[in-house]
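Residue numbers (my numbering): 2 to 390.
Notes follow the structure.
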Amino acid sequence: MKEIFLLKEGEIALKGLNKRNFEEAFIKNLRHRLKPLGKFEYTRAQSTVYVVPGEDVDVDEAFSRCCKVFGAAAVCRAVVCEKSMESIAETAVEYLGDELSCKRTFKVEAKRSDKHFPLKSPEICAELGGILLDKFTNLSVDVKNPEITVTVEIRDTNAYVHAVRVSGAGGIPVGTSGKAMLLLSGGIDSPVAAYMMAKRGICVEAIHFAAPPYTSERARLKVERLCEKLTPYCGDIKFFCVPFTKIQEALRDNCPEELFTIIMRRLMMEIAQRVAAKEDCMALITGESVGQVASQTLGAMVCTDAACRIPVFRPVIGMDKTEIIEISRKIDTFETSIEPYEDCCTVFTPKHPKTRPILEEVVKAQESFDFEPLIAEAVENTELKVIKL
Ligand code: ATP
Ligand code: MG
2 MKEIFLLKEG
12 EIALKGLNKR
22 NFEEAFIKNL
32 RHRLKPLGKF
42 EYTRAQSTVY
52 VVPGEDVDVD
62 EAFSRCCKVF
72 GAAAVCRAVV
82 CEKSMESIAE
92 TAVEYLGDEL
102 SCKRTFKVEA
112 KRSDKHFPLK
122 SPEICAELGG
132 ILLDKFTNLS
142 VDVKNPEITV
152 TVEIRDTNAY
162 VHAVRVSGAG
172 GIPVGTSGKA
182 MLLLSGGIDS
192 PVAAYMMAKR
202 GICVEAIHFA
212 APPYTSERAR
222 LKVERLCEKL
232 TPYCGDIKFF
242 CVPFTKIQEA
252 LRDNCPEELF
262 TIIMRRLMME
272 IAQRVAAKED
282 CMALITGESV
292 GQVASQTLGA
302 MVCTDAACRI
312 PVFRPVIGMD
322 KTEIIEISRK
332 IDTFETSIEP
342 YEDCCTVFTP
352 KHPKTRPILE
362 EVVKAQESFD
372 FEPLIAEAVE
382 NTELKVIKL
């Protein structure tokens with residue numbers, strides 16, 4: 002039977018006059034994500050987006066993609082039928098018969114948003130429940146803990162029968178909150194940071210610092226693969242790769258070793274915000290979490306932030322590593338993140354980095370060498386690649 006998807010809006014449903022813009026962004030993102038799978042029709046009504054797959058579409062894959070697009074609180078697979086009890090019962094038997102015949106307990110739930118429908122919700126449940134009990138002698142009703150729930154929705158133009166309802170991706174549609182530039186390493190934390198900001202509607206672009214030959218081509222490819230893994234949630238990602246070697250060498254040769262990491266991070270921020278400005282990105286994003294490593298103490302963050310002219314978002318700042326890992330497993334970046342490749346941050350790392358750097362000292366040390374020409378050159382030679390789903 003031909004299935005369609007009902008995407009129940011989450012926060013979007015609560016948006017007042019702006020609701021239409023959010024819905025349009027949601028549908029635009031869905032279209033983009035589903036287009037490679039074939040033709041789909043999209044309509045919206047009553048805080049629900051209806052996605053109707055065309056012929057020859059891989060419905061399972063399409064459904065799984067819909068579940069990753071931010072904007073829906075819940076996603077259902079359903080079959081459409083006429084708004085009559087006969088048609089609803091017939092559809093339920095035909096659509097769910099195979100499943101119903103191998104379950105022991107069930108219940109029926111009804112939602113009637115069309116109040117002109119002659120039966121009230123409890124009456125719909127009673128009537129359909131009775132029909133299914135007669136038809137499937139293996140079944141009994143269990144309203145508390147049923148093995149299968151048959152849901153009937155009576156909406157404006159049609160009725161819908163479904164038994165699959167899963168959580169949607171939540172959040173608000175990517176693109177409705179502007180753009181920000183993510184500092185993306187090959188680690189576990191920064192991809193999770195991307196996911197979290199995209200969930201709040203931010204269009205994420207990514208910048209990565211590579212230091213060949215200290216870091217390998219394969220390390221860079223790993224970061225590109227992380228971007229690929231993020232596209233089901235973030236959409237296409239503009240990926241900028243900065244040649245960082247000369248800067249790191251200059252830093253090693255000219256600055257006190259114990260301040261190496263902190264100055265390096267300030268220089269990363271400087272370059273990131275210059276690229277961000279060109280891209281109209283209004284903020285930076287990092288995967289930092291307080292106290293995780295020496296460069297993530299409050300004192301170190303004060304020193305890095307002092308180099309920033311735009312806000313720095315750190316969505317995992319208050320999370321434990323185990324909590325971050327849980328999300329990275331959920332979004333399927335974990336296995337890629339733990340592949341053992343070098344990162345430019347681990348090149349020339351000091352034995353004893355300062356955990357309580359003093360801003361004035363850091364600035365003075367940084368100013369003792371003129372990094373500007375190298376910064377300008379790095380920005381100039383930054384490579385762009387668009388990572389598509
Ligand atoms: P992650 O797991 O994200 O790599 P981490 O715990 O390893 O983080 P650091 O290596 O100190 O921590 O990096 C902190 C943050 O700095 C990262 O989350 C990322 O946002 C940014 N960062 C680190 N290395 C790079 C890099 N090579 N390119 C771009 N950003 C980087
Ligand atoms: Mg790292």
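Beta carbons are placed, not taken as given, at the ideal position from N, Cα and C, and that holds for glycine.
Shortest gap from the CB of Glu289 to any heavy atom of the ligand ATP: under 6 angstroms. Between Lys40 and Ser329, the alpha-carbon positions lie close to 31 angstroms from each other. Taken atom to atom, the span from the alpha-carbon of Arg357 to that of Thr350 is near 16 angstroms. Between Val193 and Ile325, the beta carbon gap of about 5 angstroms places them in contact (Cβ cut-off 8 angstroms). Taking a C-beta distance under 7 angstroms as the contact criterion, Val94 and Val151 do not qualify as a contact pair.
In this structure Thr106 touches Pro147 by the C-beta definition: roughly 5 angstroms separates them, less than 8 angstroms. With fewer than three CB-CB distances shorter than 8 angstroms, the segment 205-223 does not count as touching the segment 305-316. For Glu206, the uninterrupted beta strand (DSSP E) segment begins and ends at 204-211. Residue burial is scored here from C-beta neighbours: Gly171 has fewer than 16 other C-beta atoms within 10 angstroms and is therefore classed as exposed.
Its chain contains Phe240, Lys386, Ile388 as the residues whose beta carbon lies nearer than 8 angstroms to that of Glu225, once the 5 sequence neighbours on both sides are disregarded; these appear in chain order.
Between the segment 20-34 and the segment 57-74, the count of Cβ pairs shorter than 8 angstroms is three or higher; the stretches touch. Residue pairing by DSSP puts Ala111 in a beta bridge opposite Val153. For the pair Lys247 and Glu340, the CB atoms are not nearer than the 7 angstroms cut-off.
Using a Cβ distance threshold of 7 angstroms, Leu252 and Met265 count as a contacting pair. The beta-carbon separation of Pro354 and Ala295, rounded to 4 angstroms, stays under the 8 angstroms limit for a contact. Inclusion of Val294 in the 6 angstroms shell around the ligand ATP follows from its C-beta lying nearer than that to a non-hydrogen atom of the ligand. A direct Cα-to-Cα measurement between Ile238 and Lys279 gives close to 16 angstroms. The C-beta distance from Ala160 to Ile149 rounds to 19 angstroms, too long to meet the 8 angstroms contact threshold. The residue from His117, Asp99, Glu87 with its alpha-carbon nearest to that of Gly131 is Glu87.
Cys126 is the residue among Gly179, Thr177, Leu133, Cys126 whose C-alpha sits nearest the C-alpha of Glu154.
With 16 or more other Cβ atoms from the protein chains shown falling within 10 Å of its own Cβ, Leu268 counts as buried.
Note on geometry: alpha-carbon atoms of Val76 and Glu250 lie some 52 angstroms from one another.
Taking a 10 Å sphere around the C-beta of Lys230, we find 16 or more other C-beta atoms and assign the residue as buried.
Within the same chain, and ignoring the five residues on either side of Tyr234 in sequence, the residues whose Cβ sits closer than 6 angstroms to its Cβ are Lys69, Tyr196, Ala199.
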